[in-house]
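A.B. asks:
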Amino acid sequence: MANKTTLSWVNGSIIKQGDTSSVFKLKLRTDDKKRLNGPAKVQLIHSSKGMTEFEAEVVDNIVSFRLEKALPVGSYVVEIEHAGYVFPSTDSVILTVNENLGEYASGEAIELYGLKNIVKEYVEQEQDIPDLLMFYNLGKI
Numbered sequence: 151m152a153n154k155t156t157l158s159w160v161n162g163s164i165i166k167q168g169d170t171s172s173v174f175k176l177k178l179r180t181d182d183k184k185r186l187n188g189p190a191k192v193q194l195i196h197s198s199k200g201m202t203e204f205e206a207e208v209v210d211n212i213v214s215f216r217l218e219k220a221l222p223v224g225s226y227v228v229e230i231e232h233a234g235y236v237f238p239s240t241d242s243v244i245l246t247v248n249e250n251l252g253e254y255a256s257g258e259a260i261e262l263y264g265l266k267n268i269v270k271e272y273v274e275q276e277q278d279i280p281d282l283l284m285f286y287n288l289g290k291i
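Numbering-wise, the sequence shown is residues 151 to 291 according to the numbering used here.
(1) Using the Cβ count rule (16 or more neighbours within 10 Å means buried), how would you classify Leu251?
(2) Helix, strand or coil for Ala190, going by three-state DSSP, please let me know.
(3) Does the beta-carbon of Ala190 have 16 or more other beta-carbons within 10 angstroms, so that it is buried, or is it exposed?
(4) Using a threshold of 9 Å, state whether the C-beta atoms of Thr247 and Tyr226 are closer than that.
(5) Using only the alpha-carbon positions, how far apart do Ser174 and Asp182 sit?
(6) Could you check how far apart the C-beta atoms of Ile195 and Glu229 are, in whole angstroms? I think they sit under 8 Å.
(7) Taking the alpha carbon of Asn153 as the point to measure from, which residue in Ser198, Arg179, Val223 and Gln167 has its own alpha carbon closest?
(8) Output needed for Glu231: all residues of its chain with C-beta closer than 7 Å, excluding positions within five of it in sequence on either side, in chain order.
(9) Taking C-beta to C-beta, are Ala220 and Gly168 nearer than 9 Å?
(10) Are the Cβ atoms of Pro238 and Thr156 separated by less than 9 Å?
(11) Determine the direct distance from the alpha carbon of Thr202 to that of Gly224, and round the result to whole angstroms.
(12) Exposed or buried, Ile165, counting other C-beta atoms within 10 Å across all chains shown (16 or more means buried)?
(13) Between the C-alpha atoms of Val160 and Lys184, what's the straight-line distance to the nearest angstrom?
(14) Using DSSP bridges, identify the partner residues of Ala206.
Okay, structure coming up:
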């Protein structure tokens, strides 16, 4: 029977896009309850946006890391490679990156948001102006 490896969050798994200060901690477990320490490779995998990979350190079966750069919004499967193991062997662990409308919004999103506000203001102004064509046509009768 092969060893089953599990991975579980020690702290939060949801962040805003652009957060590079939060420290993520995950607990690594093996069926044989092996004590784990040393270097590890962390992989964050998005189904359509690709993968990012970086080094981290395992101390007493806990791997800690922080994001070095902003990730695109979405859900990322977290995998850890350490001491010949790949964590988890079943039941994926997910890191969720939520939208931040601040400085990490794309130029296109900002442009669309600006256009939406212009249209909204125009529609509100139009509601305050009487239908002059209707009055003109009434005057011709």
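Glycine residues also receive a C-beta, built at the ideal position from the N, C-alpha and C atoms. From a predicted model like this one, the values you see are computed outputs, not experimental measurements.
C.D. replies: With the given structure in hand:
(1) By one-based count along the sequence shown, residue 251 stands at place 101. Classification of Leu251: exposed, given that the 10 Å Cβ count is below 16.
(2) In the sequence shown, counting from the first residue as 1, residue 190 sits at position 40. Ala190 falls in the strand class under three-state DSSP.
(3) What you label residue 190 is simply residue 40 of the sequence shown in a count that begins at 1. Label assigned to Ala190: buried.
(4) As a working mapping, residue 247 is identified with position 97 in the sequence shown. As a working mapping, residue 226 is identified with position 76 in the sequence shown. Looking at the sequence itself, residue 247 is Val, so the reference to Thr does not match. Inclusion of Val247 and Tyr226 in the CB contact set at 9 Å is warranted, their separation being smaller than that value.
(5) Locating residue 174 in the sequence shown gives position 24, counting from the first residue. Locating residue 182 in the sequence shown gives position 32, counting from the first residue. A quick correction: the sequence has Phe, not Ser, at residue 174. Spanning the alpha carbons of Phe174 and Asp182 requires a straight line of approximately 25 Å.
(6) For the purposes of this step, residue 195 is taken as the residue at position 45 of the sequence shown. For the purposes of this step, residue 229 is taken as the residue at position 79 of the sequence shown. With 8 Å as the limit, Ile195 and Glu229 qualify as a contact, their Cβ atoms being about 7 Å apart.
(7) Translated into positions along the sequence shown, residue 153 becomes position 3. Ranking Ser198, Arg179, Val223 and Gln167 by Cα distance to Asn153 puts Arg179 first.
(8) Here residue 231 is taken as the residue at index 81 of the sequence shown, counted from 1. Cβ neighbours of Glu231 beyond the five flanking positions: Ala190 and Lys191.
(9) Stepping through the sequence shown from its first residue, residue 220 is reached at position 70. Stepping through the sequence shown from its first residue, residue 168 is reached at position 18. Against a cut-off of 9 Å, the Cβ pair of Gly168 and Ala220 comes out as a contact.
(10) For this step, residue 238 is matched to residue 88 along the sequence shown. For this step, residue 156 is matched to residue 6 along the sequence shown. Yes, these two residues count as a Cβ contact at 9 Å.
(11) The sequence position of residue 224 within the sequence shown is 74, counting from 1. The sequence position of residue 202 within the sequence shown is 52, counting from 1. Distance between the alpha carbons of Gly224 and Thr202 is about 13 Å.
(12) For the purposes of this step, residue 165 is taken as residue 15 along the sequence shown, with counting starting at 1. Classification of Ile165: buried, given that the 10 Å Cβ count is 16 or more.
(13) Along the sequence shown, one-based indexing puts residue 160 at 10. Along the sequence shown, one-based indexing puts residue 184 at 34. Using only the alpha carbons, I get a separation of about 18 Å.
(14) What you label residue 206 is simply residue 56 of the sequence shown in a count that begins at 1. Ala206 pairs with Ala190.
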